[in-house]
Amino acid sequence: MSIVLLSILKSLALIILLLTGFAYLTYYERKLLARFHVRRGPNRAGPFGLLQPIADAVKAIFKEEIVPGHVDKLIYIVAPALSLIPALVIFAVIPIAPDLRLGGFTLQFHVADINVGLLYLAAIASVATYGIILGGWSSNNNYALLGSLRTAAQMISYELPFGLLLAAIILTTNIGREAGTLSLIEILNQPRPWWLWLWLWLAFPMFFITMLAESNRSPFDLPETENELIAGFQVEYGGIKFALFFMAEYISMITGSAIMATLFFGGWRGPFADPGTWYGPIVGFGWFFLKVVALLFVYIWVRASVPRIRYDQLLQFCWKVLTPLSIGYLVLTALIVVFVG
Amino acid sequence: MTSADYLPILILILIAAPFAGIAILLPSVLGPKNPNRMKQEAIESGMIPFADARRRFPVQYYMVAVLFIIFDIEVIFLFPWAVSLNQLKIFGLIEMGVFLGILLIGYLYVWKKGAFEWE
Amino acid sequence: MTDPIAAVRSAFPDAVRASAVYRQTPILTLQAADLLAVGRFLRDTPELGYDLLSDLTVVDRLRLPQAQDEARFAGIYQLRSVARGGDLLQLTVPLPGGDAPVAPSVTGLWPTADWHEREAFDLFGVRYEGHPDLRRILMPDDWPTHPLRKDQPLGGERVPYTNTWAEEEFQHLGKQIMQTDQRPEPVPGRMDARHMIVNMGPQHPATHGVLRLIVELDGERIIGIQPDIGYLHSGFEKQGENIRYKDFVYYTDRMDYVSAMQNNLAYCLAVEKLLGIEAPPRAQAIRVIVCELQRIASHLVWLATHTLDVGGTGLALLMYAFREREEILDLFEMVCGARLTTSYLRVGGVSHDLPPAFIPRLRDLLARLPGRFDEYERMLSGSPLWRGRLMGIGKITAAQAIAWGVTGPLLRGAGVPYDLRKAQPYCGYEQYDFSIPVQSEGDSYARYLVRMAEMRQSLRIIQQAVDALPAGHFWIDDPKIAPPARGLLDQSMEALIHHFKLFTEGFRPPPGQAYHGIEASKGEMGVFLVSDGSAHPYRCRVRTPSFVNLQVTELMAKGHLFSDLVTVIGTIDIVLGDVDR
């Protein structure tokens, strides 16, 4: 019973954390982009514009709900939720701080520790595609349809290098241990020799590109290209339903950064983030937070400096460059694991 | 490790889903309601669309999906192999080499056939 | 140089009705029946080589006392020879048919005539025989009249649109302009309804305004494009024919509203040609300075919007380019108080002298801009994504470009070193040392390079003009054309009378006709004026580069992907005010 109660509390806390994170990620992005653009960014609502996300949320809620006459009503309404729920749920297996031990009680800072954590990430990430595809298709709009077709092709294409790189990372968990693992918590606890860190960082740029493509971020924001498809799959959406799509994209940015922080940069690990101590979780979460924010900065930096790729170039880059590279990386990792590790 | 490990995820889904549902329903309670025909038209740069958008898709999108299915299943097989490579050692390496080799031939064939070109 | 009049007279003794040379421009009056034969001769004879149809328009001579023949309408063709440095030849063709004029279509000789002839059909009702697709172009399809005919009054016509605000459904709304009973139009005839046919525009972020493209798509591939323009048509030419010469300067600002100075210049030079005057040297130099600044500003807007089109809203270069443009607009504000619609140039000069603080500030900007341009090029030129999006996209060959009348950076990007500032110098451009940037590839990347290089050349020109800025009057010293200085009005009765006459009556150029084209930032901007001796232009025609260049959209984008259409529109660099006028 207590595990159910604890899970409910943790789930609520996680959702609140992610939604706050989303709200302030929009602020962070707008402020940062503004700095890149030599502008000021939001600065009217509250001090430094800090209340801007709240104002936006209130506005979205009080918007008139428009369900166009030509759409497939049920799917049209359900699609934004289908897009958001996976984005919220995917975070369940990511540890955000070291365990807290109070007396005999241990509090773990992740919702679920399942032994197929990485498989879970890959699976839920694929489910997120449905919301976008269904949203675009149900809109019965040419631009939305093009957007959703692009999404389908883009997101599934990039799942291939994503999966290959994940497999390579799983391979490295064999090193210094009896067997490999799929659990993010155990990956974090695995001691990595220095050369393994370097080898992993070699894969980071590739992994980052697949994460950009998976979360439809610039320069891979083809499903919603504002310049040709106006807003792509979400062109017929307004108000809160649009906000849910928006939320899904931004939360998947956060999740992507969290996954990369955990796999490549040691998650919550850092000086003074000692498990078991009273201050460990606070410092650990601090490190985790900083790493995620730093990675989010890169997302936004890329958006401000790189032109958008074209659709055929995107697919060709995936199939002709990224996939062979990932396979090569996987094979080399396997060799390293067997002969060095 | 039992199925009880998955209980928290179920609980998370059960909490996240109503949240999304409430968010979608909220504006229909709180927002103004002034529907009219113009608002409910499809948005196509301010013009009435020529035809319904749902039509036959071009085959290229389908090609990508088929390619994905072929190669993504390969990745699924990689996961258990990757976890247990320490036990399998050289044998596993050779096994996977054969498996990947076969797929690689298919990959090169598909490349040569021009399936990766957007045509 | 071969004399075109003599050449045509000897080859077609019966075709030429009259010939003249007015203000250095040879004018040939031809029979309509011989137009195609003479046109082919003019285009294909190597010594003549009139391969560029700069402008095609019509004059309704219903109220023109100087008309020498009985035909009411006359077609006007401005031909240039690119190979011979843009030599101008005007053909005047009286059109048979009285009130329902008919003309042979020259689209077979110069494809660029396509839209010009549609415009003439739209605004004058001239029926062009042999035109592939003679429809209205600027006015709505159901417009009842041909507005530029002289028997159509300015204003007062019934607008054949009914607003539906009376409908109850709309009572609580603001101003709804769209009709509630709109039904989808039929699919354009040459498009296959099985393909996806999408409206891109008029409300679309990539069309740079109210341009509408009907795009036929097979998946992502573009099969066909049909541009639909005229949403911003505001009858500038009609307006110009109903106000005094000097009052039209303010209207020209609103055509290509990102290069107002150059529009002013084209118009002022045409009026000056008609008057047979020339602005004083200081005014010429000031004109060169502001027009080259305007070229940089216009190219910066192009660069910003092009990166926006290709790269998305996040791209920082958008704001960088606008930051520099703001500094140029600050300079404009210093000289005339306005930033966008400057109306700074006047017939016979400019409206104010440069303020003392202008030159130091300009020099400061000149010193900083090259570094900024370097920064842009570092951000874009080598970027693989930028090159991937631009290279090979929107290709056009030199021959195609000339045949379609395309000018400006598009023509130079296709390898033709043709620039009216060099070919037909005006405002003393012959004194300045600058080069014409040319790239031979003819794709979007070539045009990007050309425009970037042009900004640097403009800086060179400005530098030279500032260094050698002559002293003297900034406006012609002729009280019949330029108003007397403000101080004189208090002392001299004569000045007061001149001032009064000028502002109540304006000036009256002698009867005649003049076409003047300048190298605006987007291509040849030409103004054709017919004077009947009164204070209003009898015919005021503006040849805008965007209108002509936009014609090649389909040629450039066909076969590319949908995303490339955005690149193509961006690389043509249109301003809808300039297209629709």
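Line by line, the protein sequences give chains A, B and C. Heads up, the first sequence is in the working numbering, so the first residue is 2 and it goes up one at a time. Heads up, the second sequence is in the working numbering, so the first residue is 234 and it goes up one at a time. Heads up, the third sequence is in the working numbering, so the first residue is 70 and it goes up one at a time. Built from N, CA and C at the ideal position, the CB exists for glycine as well.
Quick one, which of the options has its alpha-carbon nearest residue i's?
i, options, result
"C/Leu125", "C/Glu623, C/Arg610, C/Gly639", "C/Arg610"
"A/Asn217", "A/Ile283, A/Leu333, A/Ser140, A/Arg309", "A/Arg309"
"B/Ile302", "A/Trp198, A/Ile157, A/Trp302", "A/Ile157"
"B/Thr298", "A/Trp138, A/Ala88, A/Ile4, A/Leu161", "A small fix is needed here, since residue 298 of chain B is Ala in this sequence, not Thr. Considering only alpha carbons, the answer is A/Leu161."
"C/Arg430", "C/Phe401, C/Leu409, C/Arg415", "C/Phe401"
"A/Asp313", "C/Gly288, C/Leu223, C/Glu188, C/Ala143", "C/Gly288"
"C/Thr494", "C/Leu133, C/Gly154, C/Gly556, C/Glu285", "The sequence shown places Pro at residue 494 of chain C, rather than the Thr named in the question. The residue with the shortest Cα to Cα distance from C/Pro494 is C/Gly154."
"C/Ile530", "C/Glu361, C/Ile638, C/Gly639, C/Ala339", "C/Glu361"
"A/Trp269", "A/Lys292, A/Glu66, A/Thr278", "A/Lys292"
"B/Ile306", "A/Glu65, A/Ser306, A/Leu108, A/Leu120", "A/Leu120"
Can you pull the chain C neighbours of residue i, defined as C-beta to C-beta under 8 Å?
i, result
"A/His344", "Past the edges of chain A, shown from 2 to 342, lies residue 344 of chain A, and the structure says nothing about it."
"A/Asp222", "Gly381"
May I ask which residues mark the beginning and end of the beta strand (DSSP E) holding residue i?
i, result
"A/Glu229", "Premise fails: A/Glu229 is in no beta strand (DSSP E) and is neither H nor E."
"C/Cys24", "Given that chain C is displayed from residue 70 to residue 650, the structure contains no residue 24 of chain C and the question cannot be resolved."
"C/Phe597", "592 to 600"
"C/Tyr91", "85 to 91"
"C/Ile96", "94 to 99"
"C/Ala151", "A quick correction: the sequence has Val, not Ala, at residue 151 of chain C. C/Val151 -> no beta strand (DSSP E), and no H or E assigned at all."
"C/Asp156", "156 to 164"
In chain order, what residues of the same chain lie with their CB nearer than 7 Å to the CB of residue i, ignoring the 5 residues before and after it?
i, result
"A/Leu18", "none"
"C/Met657", "As displayed, chain C neither begins before 70 nor continues past 650, which places residue 657 of chain C out of reach and without an answer."
"C/Ile206", "Trp184, Arg187, Glu188, Asp191, Ile298, Gly299"
So the alpha helix (DSSP H) residue i belongs to, where does it begin and stop?
i, result
"C/Glu361", "350 to 380"
"C/Ile294", "No alpha helix (DSSP H) holds C/Ile294; the beta strand (DSSP E) holding it covers 290 to 297."
"A/Tyr131", "118 to 139"
"A/Phe1", "Only positions 2 to 342 of chain A appear in the structure, and residue 1 of chain A is not among them; the question remains open."
"C/Glu402", "386 to 405"
"A/Glu30", "3 to 37"
"A/Thr263", "240 to 265"
Residue i versus chain A: which residues are under 8 Å apart at the beta carbon?
i, result
"B/Tyr294", "Leu150, Ala153, Ala154"
"C/His273", "Ile231"
Does the separation of the CB atoms of residue i and residue j fall below 8 Å?
i, j, result
"C/Ala589", "C/Pro614", "yes"
"C/Arg149", "C/Ser123", "yes"
"A/Ile62", "B/Leu263", "yes"
"C/His368", "C/Met594", "no"
"A/Gly22", "A/Ile255", "yes"
"C/Leu99", "C/Arg86", "yes"
"A/Tyr280", "A/Phe286", "no"
"A/His111", "A/Val128", "no"
Give me the chain A residues within the contact set of residue i, using Cβ-Cβ distance strictly less than 7 Å, ordered along the chain.
i, result
"C/Arg458", "Pro308, Arg311"
"B/Arg287", "Asn141"
"C/Asp378", "Asn228"
Which same chain residues end up closer than 8 Å to residue i when comparing Cβ atoms and leaving out the 5 residues on each side of it in sequence?
i, result
"C/Ile643", "His277, Gly278, Leu280, Lys591, Ser615, Asn618, Leu619"
"A/Val338", "Leu172, Thr173, Asn175, Ile176"
"C/Val195", "Val127, Phe142, Gly144, Leu164, Pro170, Val171, Ala172, Glu186, Ala189"
"C/Met247", "Any answer about C/Met247 is weak, because its pLDDT of 49 lies below 50 and its placement is not dependable; what the coordinates show is given next. Closer than 8 Å at Cβ, skipping near neighbours: no residue."
"C/Leu654", "With chain C covering only 70 through 650, there is no way to say anything about residue 654 of chain C."
At 9 Å on the CB atoms, spell out the chain C contacts of residue i, in chain order.
i, result
"A/Ser216", "The premise fails here: A/Ser216 is roughly 14 Å from chain C at the closest Cβ pair, so nothing lies under 9 Å."
"B/Ala284", "Pro253, Val256, Ala262, Met265, Ile266"
Please compile the residues from chain B whose C-beta is within a distance smaller than 7 Å of the C-beta of residue i.
i, result
"A/Gly164", "Asp305, Val308"
"A/Asn175", "Leu318, Asn319"
So, at 6 Å on beta carbons, what are the nonlocal neighbours of residue i in its own chain, with the 5 sequence-adjacent residues on each side left out?
i, result
"A/Ser253", "Ala88, Ser216"
"C/Lys244", "Low confidence applies here, because C/Lys244 scores a pLDDT of 45, under 50, leaving its location unreliable and the question unanswered by this model."
"C/Gln508", "Gly482, Ala515, Leu518, Val519"
Below 8 Å on C-beta distance, what does residue i contact in chain B?
i, result
"C/Gln295", "Per Cβ cutoff of 8 Å: no residues; C/Gln295 is ~12 Å from chain B at best."
"A/Phe234", "Residues of chain B passing the Cβ test: none, with the nearest at roughly 12 Å."
Along chain C, which residues have their Cβ under 7 Å away from the Cβ of residue i?
i, result
"B/Gly279", "Pro271, Gln272"
"B/Pro291", "Asp287, Gly288"
"A/Phe37", "Ala385"
Anything in chain A within Cβ reach of residue i, meaning under 9 Å, just list it in chain order.
i, result
"B/Glu274", "Pro69, Gly70, His71"
Short-range partners of chain E found in the segment 314 to 326 of chain A, where Cβ spacing is below 9 Å: No chain E is present in this structure, whose protein chains are A, B and C.
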